[in-house]
Amino acid sequence: MNDVADDESASDAETEENADANGDTVDALESSDPDEVGPVTWIEQQPLPYPSDALEPYISKETVEQHWGIHQHIHVERLNGMIGGSEWEGMSLGQMMLSSFNEGREAPHPPFFHAAQIWNHDFYWRSMQPGGGSKPSERLLKFIKRDFGSYDGMIQQFMDAALTQFGSGWVWLSYKGSKLPHVNSRSPIPSDNYGRLVISKTPNAINPLVWGHSPLLAIDVWEHAYYLDYEDRRADYVSTFLEKLLSWETVESRLKKAVIRAIERDGHVSRKHVRKQLLAQGKSRIRARPQQANENARGQTSSQEKPLGV
Amino acid sequence: MQGCRSRRCSKVVSYYGLITPPYKLDALEPYMSKRTVELHWGKHHQNYVDGLNKQLATSMFYGYTLEELIKEGYNNGNPLPEYNNAAQVWNHHFFWESMQPESGGSPEGGVLQQIEKDFGSFTNFREEFICSALSLLGSGWVWLVLKREERKLSVVCTRNAISPLALGDIPIMNLDLWEHAYYLDYKDDRRMYVTNFIDHLVSWHTVTLRMMRGEAFVNLGEPNIPVA
Numbered sequence: 001m002n003d004v005a006d007d008e009s010a011s012d013a014e015t016e017e018n019a020d021a022n023g024d025t026v027d028a029l030e031s032s033d034p035d036e037v038g039p040v041t042w043i044e045q046q047p048l049p050y051p052s053d054a055l056e057p058y059i060s061k062e063t064v065e066q067h068w069g070i071h072q073h074i075h076v077e078r079l080n081g082m083i084g085g086s087e088w089e090g091m092s093l094g095q096m097m098l099s100s101f102n103e104g105r106e107a108p109h110p111p112f113f114h115a116a117q118i119w120n121h122d123f124y125w126r127s128m129q130p131g132g133g134s135k136p137s138e139r140l141l142k143f144i145k146r147d148f149g150s151y152d153g154m155i156q157q158f159m160d161a162a163l164t165q166f167g168s169g170w171v172w173l174s175y176k177g178s179k180l181p182h183v184n185s186r187s188p189i190p191s192d193n194y195g196r197l198v199i200s201k202t203p204n205a206i207n208p209l210v211w212g213h214s215p216l217l218a219i220d221v222w223e224h225a226y227y228l229d230y231e232d233r234r235a236d237y238v239s240t241f242l243e244k245l246l247s248w249e250t251v252e253s254r255l256k257k258a259v260i261r262a263i264e265r266d267g268h269v270s271r272k273h274v275r276k277q278l279l280a281q282g283k284s285r286i287r288a289r290p291q292q293a294n295e296n297a298r299g300q301t302s303s304q305e306k307p308l309g310v
Numbered sequence: 001m002q003g004c005r006s007r008r009c010s011k012v013v014s015y016y017g018l019i020t021p022p023y024k025l026d027a028l029e030p031y032m033s034k035r036t037v038e039l040h041w042g043k044h045h046q047n048y049v050d051g052l053n054k055q056l057a058t059s060m061f062y063g064y065t066l067e068e069l070i071k072e073g074y075n076n077g078n079p080l081p082e083y084n085n086a087a088q089v090w091n092h093h094f095f096w097e098s099m100q101p102e103s104g105g106s107p108e109g110g111v112l113q114q115i116e117k118d119f120g121s122f123t124n125f126r127e128e129f130i131c132s133a134l135s136l137l138g139s140g141w142v143w144l145v146l147k148r149e150e151r152k153l154s155v156v157c158t159r160n161a162i163s164p165l166a167l168g169d170i171p172i173m174n175l176d177l178w179e180h181a182y183y184l185d186y187k188d189d190r191r192m193y194v195t196n197f198i199d200h201l202v203s204w205h206t207v208t209l210r211m212m213r214g215e216a217f218v219n220l221g222e223p224n225i226p227v228a
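So the protein sequences, as listed, match chains A and B. Note that full-length UniProt numbering numbers the first sequence so that position 183 is 183, with each residue one more than the last. Note that full-length UniProt numbering numbers the second sequence so that position 107 is 107, with each residue one more than the last.
Pasting the structure below:
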C-alpha cells in the first residue's frame, strides 16, 4: 500500500500530466523547476488556439474577446496578485489548483477559484474548434454507447446537466478511473473499477480533476459565456456547441491519454484482460484466444487496429 | 383549496403569477437597459414563476405563501426542489421594487440615522455595499438586511438563490449579482453596475417603508426609561 505522501505526489504528477494534456502548449504553463525561477514567475493563460472570430457565427468575436481577453485575464491578474510570497508561489497552475482545493472537506483556499477558472477556461477553448461538431469516431462511439446506451442518450444527459446547473458552473464529459481521490483505495463495488465515461456538472469553479476524474470536454455555462450571443437561451447555446463547435478529435486524444494514465496510475485492467485471467485460472482451453498486443497498453495507441483497452 | 367533492363544484386551484415592476421597462435607462429588463423580468423571472407553478402542481407545498415556501423549502441548508424557484420569484420581485427611476443618492430621516448608527456614515455603508458585491464569487445577491439577533442593519451576500428570509433576517433591499442582470449592459464591469445601482437606482422610499415594517418585528431604539 502506498502511503499518503506517495499518493499526493502521484496525484500532483497526474495533475501535471492532466494540465499538460490540456492541449499541447506546455510552454505557456508555469514551470516548477526551481532552477528556472529567478524572480517570481507568474501564471499566464494559454493563448487561444484559433483567431477570436473563428467561432463565428456560433460564438461571436465580441464574446471571445471579452471572455478570453478580459474575463479570463481578470482571473490571471487576481491569481498573480495573490500568490506572491505565499505557499503557492512557484507552483504550476495544476498543482496550485489541486493543493488550494483543500480536498473539498472545507472551503477552498482563496487562490483556488482563480486558478481553477484559468484552467477551466483554457480547457474550454481547446475543447472547441472552428468547424467542429459532427460525430465522434467509431471507436469513441463504441464507448459512448457502452456507457450511455446511445449517442443520443449521451447528448440528452449532457443537455439535462447543462440546463439543470443552477447558478454558475460547468458541464463536463470525463473519464472516470477506479482510484478514489485523496485516499489510496478503490471502490468496493467491482463494477465500479473499470474506467468509464461520465457526465458531470460542477458549480462555479469546481472541476472533475479535483475528484480524480480526467476531463475530456468542458462547456462553460456561466451566463457570461453565452449571454451576449444567446441571451437567456442556454439550450440553444449548448446544442450549438455540441453540433457545431465541439472538437471530437481533441476529446479522443484526451481519452487516450486518460486511459494510459489510468492504467499506469491505478494499475488499471481492462475487462478483456480480466476475462483472460479468469480463463487462464480456470485452465479452460475452450475459448483460447491469441495473445493480444494491447495487454500492456503503454505505447501510444496510434494504430487504428489497437483498441483503447478501456 | 383542494375544492369540494360535490358534483356541482369544480375543483379550484390557484398558482403564482408574475407581478409587473412599478415602472415602465425602459424607465431605468441608462443604468439598466430596456433589453435587460425585458429579458430579466420577461424571461428569467417568468421562467422561475412557471417552474414553480409546475412543481407546485404535484408538491406538498401547494398553497403555501412564498415566504413560507422559502423558509420551509430552505430546509436548514439542504434546499428542497421547490426552494430555488420560489426564492428566485421572491428575490426578483423584491429587486424590482427596490429600484425606482432617477432615484439613488442618499436616504433621509430615520433610515439615514440608522445607517449612520450601524455603519458609521453613509459613505462607509456605500463602500461596504460595493466591496461586498465585488467579493461574491459566482452568482448570487447582495442585500441590506435588518438582523433580528443583532438588531442592526447589515450588508450580506448570498449565493445563488439563498435568501436572508431563510436565514431568519428581514431583507430591506437587494441587488441581483447573477450575470444575467448586468452582462448586456456592463459585461464584466460589476463595479460600475453596483455603483450605478447605489447612486442612481435604489429606491430609498421603498427602503423606508420596509424599515418601518421591519421595526414592528425588531426593536431598534434605545429603551425610553423615564427618570423618576
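Cβ coordinates follow ideal geometry from the N, Cα and C atoms, glycine included.
Item	Value
Counting C-beta neighbours from all protein chains within 10 Å, is the total for residue 183 of chain B 16 or more, i.e. buried, or is it exposed?	buried
Let me make sure I understand the geometry here. Which of B:20, B:63, B:55 and B:28 has the alpha-carbon closest to that of residue 43 of chain B?	B:20
Determine the extent of the alpha helix (DSSP H) in which residue 94 of chain A is found, giving its start and end residues.	93 to 100
When DSSP builds the beta bridges, which residues end up paired with residue 15 of chain B?	Beta-bridge pairing links residue 15 of chain B to no other residue.
Under 8 Å, Cβ to Cβ, is there at least one residue of chain A near residue 139 of chain B?	yes
Let me make sure I understand the geometry here. Which of A:65, A:98, A:239 and A:219 has the alpha-carbon closest to that of residue 199 of chain A?	A:219
Is residue 134 of chain B helix, strand or coil by DSSP?	helix
Taking the C-alpha atoms as reference points, what is the distance between residue 188 of chain B and residue 179 of chain B?	9 Å
Please list, in chain order, the chain A residues whose beta carbon lies closer than 8 Å to that of residue 188 of chain B.	66, 70, 71, 74 and 224
Taking 8 Å as the cut-off, decide whether the C-beta atoms of residue 98 of chain B and residue 206 of chain B are in contact.	yes
Please classify residue 92 of chain A as buried or exposed, where buried requires at least 16 neighbouring CB atoms within 10 angstroms.	buried
Which residues of chain B have a Cβ atom closer than 8 Å to the Cβ of residue 227 of chain A, listed in chain order?	179, 180, 183 and 184
Start and end of the alpha helix (DSSP H) containing residue 65 of chain B?	Counting along the chain, residue 65 of chain B falls outside any alpha helix (DSSP H), and DSSP gives it neither H nor E.
If you draw a straight line from the alpha carbon of residue 71 of chain B to that of residue 152 of chain B, how long is it in whole angstroms?	21 Å
DSSP on residue 32 of chain A, reduced to helix/strand/coil?	Here the model assigns residue 32 of chain A a pLDDT of 43, short of 50, so the residue's position is not dependable, and the following value carries that caveat. Residue 32 of chain A falls in the coil class under three-state DSSP.
Exposed or buried, residue 87 of chain A, counting other C-beta atoms within 10 Å across all chains shown (16 or more means buried)?	exposed
Based on the DSSP secondary-structure assignment, which residues constitute the bridge partners of residue 197 of chain A?	A:175
Following the continuous beta strand (DSSP E) through residue 141 of chain B, name the residue where it begins and the one where it ends.	140 to 147
What does the Cβ neighbour count give for residue 278 of chain A, buried or exposed, with the cut at 16 atoms within 10 Å?	exposed
Under a three-way DSSP split, which group does residue 160 of chain B fall into?	coil
Listed from N- to C-terminal order along the chain, which residues in the stretch 165 to 178 of chain A have their beta-carbon within a distance smaller than 9 Å of any beta-carbon of chain B?	166, 167, 168 and 169
By DSSP, does residue 151 of chain B sit in helix, in strand, or in coil?	coil
So with CB distances below 8 Å, who are the chain A contacts of residue 43 of chain B?	231 and 232
Alpha carbon to alpha carbon, how far is residue 245 of chain A from residue 32 of chain B? Give it in angstroms, no decimals.	32 Å
Output the residue ranges of the beta strand (DSSP E) runs that lie fully inside the stretch 220 to 256 of chain A and measure 3 residues or longer, sorted by chain position.	none
Pick out whichever of B:66, B:13, B:212 and B:111 has its Cα sitting closest to the Cα of residue 165 of chain B.	B:66
Run down chain A in chain order and give the residues with a C-beta less than 8 Å from the C-beta of residue 28 of chain B.	Chain A residues near residue 28 of chain B: none, gap ~18 Å exceeds 8 Å.
In three-state terms, what does DSSP make of residue 17 of chain A?	Low local confidence applies: a pLDDT of 45 at residue 17 of chain A is under 50, so the model's placement there is unreliable, and no value is given.
Below 6 Å CB to CB, which residues in the same chain sit around residue 194 of chain B once its five sequence neighbours on both sides are set aside?	130 and 133
Residue 221 of chain B by DSSP, collapsed to three states: which one?	coil
With a cut-off of 8 Å on the beta carbons, I'd call residue 232 of chain A and residue 196 of chain A a contact; round off their distance for me.	That pair is no contact at about 34 Å.
What's the call for residue 111 of chain B, buried or exposed, on a 16-neighbour Cβ count within 10 Å?	buried
Check whether the Cβ of residue 204 of chain A lies closer than 8 Å to any Cβ atom in chain B.	yes
Any idea what DSSP makes of residue 319 of chain A, helix, strand or coil?	The question about residue 319 of chain A has no answer here: the residues shown for chain A are numbered 1 through 310.
Among the candidates A:252, A:253 and A:204, whose CA atom is the shortest distance from the CA of residue 120 of chain A?	A:204
Can you tell me which of A:225, A:282, A:263 and A:162 puts its alpha carbon nearest to the alpha carbon of residue 62 of chain A?	A:225
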